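For reference, the structure is listed below as C-alpha cells.
As C-alpha cells, then:
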C-alpha cells in the first residue's frame, strides 16, 4: 500500500488577495493560503489523546518526546494520531519542519487588544538571520514608539492603519511622518529610525506579518516623540523572548 505525504493547510485571513506559500518535502506540504481568522477564536478537533494528557502526572522529557515526534514523520498531527500527548511537546521549542500556527504560543504580553505569535525566531527555534512574527492590533491599539538596529519588513494581511516614522538624524524623533497602510501593502522600517505602528481603524483589527533581521531584537523605547535618542530605554530581551530563556537560578 502506497503512502501519500501528509498535507496540512492553514487559512490565514488576509481577504481576497491572499499570500500563498508552499513548502514541499518528502514528508509534508505546507500551504499558507488566503485568510487568517482571529486567532483568539481558533478551534481545532480535539483528539482522545487530550484526555490521556490531563491524567498524566509527570510530562515526559523533551528528548523522548522529540524522538517520538521524529519517528512519527515529524508532525504534531502524527503524534496526536498515534495517541501521544501533543500538549507536552508544545511546552518546548518546536523545531519541526512543518508547524501549525494555530497551536503556537500566543499572548498579548500585558497589552490589551494585542496578540503576538513568534512564527519562527532565534530563541524559540534557533534561526540565525531572520525572525518572523504574526501580530494583531485591535482598533486603536499601537506599538510603543521604538527603534532597533535591524531591518524590519511588514506585510499587512488584514485591516488598515498608520505608520508613524520619526527622524534618526536629529537629537530626538520630532514630529513623525504619518503613512497610511492597508491590506496587501508592505513597508520597511529604516535601521534605527524611531517608529510606531498604529491601528487607526475604529472598526477592524490590523493584522501584520513582521520579518526582522539579526535576531533576537534589541528595542529602544521612547516615552514620546520629543524624547532624546540617548534617553530611550533598552528592552532586551523583549517580552516574547523572555519566555524562551531559562528561569533564573536561586543562588540561596
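Numbering (this note's numbering), first residue to last: 1262 to 1513. Every residue gets a Cβ at the ideal spot worked out from N, C-alpha and C, and that includes glycine. Note that this is a predicted model, so its numbers are computed, not measured.
Contact under 8 Å by Cβ, residue i with residue j
{"i": "residue 1522", "j": "residue 1398", "result": "A query on residue 1522 cannot be resolved here, the shown segment of the chain reaching from 1262 to 1513 and no further."}
{"i": "residue 1416", "j": "residue 1469", "result": "yes"}
{"i": "residue 1392", "j": "residue 1473", "result": "yes"}
{"i": "residue 1413", "j": "residue 1450", "result": "yes"}
{"i": "residue 1400", "j": "residue 1463", "result": "yes"}
{"i": "residue 1429", "j": "residue 1455", "result": "yes"}
{"i": "residue 1410", "j": "residue 1479", "result": "yes"}
{"i": "residue 1394", "j": "residue 1471", "result": "yes"}
{"i": "residue 1437", "j": "residue 1425", "result": "yes"}
{"i": "residue 1366", "j": "residue 1376", "result": "no"}
Where residue i falls, given that 16 or more other Cβ within 10 Å makes a residue buried
{"i": "residue 1420", "result": "buried"}
{"i": "residue 1431", "result": "exposed"}
{"i": "residue 1497", "result": "exposed"}
{"i": "residue 1402", "result": "buried"}
{"i": "residue 1356", "result": "exposed"}
{"i": "residue 1387", "result": "exposed"}
{"i": "residue 1370", "result": "exposed"}
{"i": "residue 1477", "result": "buried"}
{"i": "residue 1422", "result": "buried"}
{"i": "residue 1506", "result": "exposed"}
{"i": "residue 1358", "result": "exposed"}
{"i": "residue 1441", "result": "exposed"}
{"i": "residue 1435", "result": "exposed"}
{"i": "residue 1447", "result": "exposed"}
{"i": "residue 1492", "result": "exposed"}
{"i": "residue 1466", "result": "buried"}
Assigned secondary structure, residue i (DSSP; H/G/I helix, E/B strand, else coil)
{"i": "residue 1464", "result": "coil"}
{"i": "residue 1394", "result": "strand"}
{"i": "residue 1403", "result": "strand"}
{"i": "residue 1447", "result": "strand"}
{"i": "residue 1360", "result": "coil"}
{"i": "residue 1291", "result": "With a pLDDT of only 35 at residue 1291, under the threshold of 50, the placement of this residue in the model should not be trusted; the figure read from the coordinates follows. Note: residue 1291 maps to strand in three-state DSSP."}
Residue i - partner residues in DSSP beta bridges
{"i": "residue 1459", "result": "1403, 1423"}
{"i": "residue 1438", "result": "1426"}
{"i": "residue 1469", "result": "1396, 1417"}
{"i": "residue 1495", "result": "1481"}
{"i": "residue 1408", "result": "1481"}
{"i": "residue 1375", "result": "1398"}
{"i": "residue 1381", "result": "1393"}
{"i": "residue 1474", "result": "1391"}
{"i": "residue 1487", "result": "Answer is none; residue 1487 lacks a bridge partner."}
Chain B within 8 Å of residue i, Cβ atoms only
{"i": "residue 1439", "result": "No chain B is part of this structure, which consists of one protein chain only."}
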